[in-house]
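This report concerns only the one structure given below.
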């Protein structure tokens, strides 16, 4: 099962790319790095830990 690579931060709506930095919880809630720091690495939706999301290499 593949992770859903959401394209926007759920807190500030900034765009996220599949090969860029982001943080994710076990329910795939996704946040940009600045928002993740602002919420102390805790998902406001489920209370879970936000961890570094794996990056996908974009191929042409």
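Residue numbers (this note's numbering): 11 to 70.
Ideal Cβ placement from N, Cα and C applies to all residues, glycine included.
Only a predicted model underlies this, so the values are computations on that prediction, with no experimental measurement involved.
Please state whether DSSP places residue 16 in a helix, a strand or coil.
Looking at residue 16 - three-state DSSP - the assignment turns out to be coil, as it is neither helix nor strand.
For residue 67, which residues of its own chain have a beta-carbon under 7 Å away from its beta-carbon, when the five flanking residues on both sides are left out?
29
Could you compute how far the alpha carbon of residue 35 sits from the alpha carbon of residue 56?
8 Å
Look up residue 43 in the DSSP assignment and say whether it is helix, strand or coil.
helix
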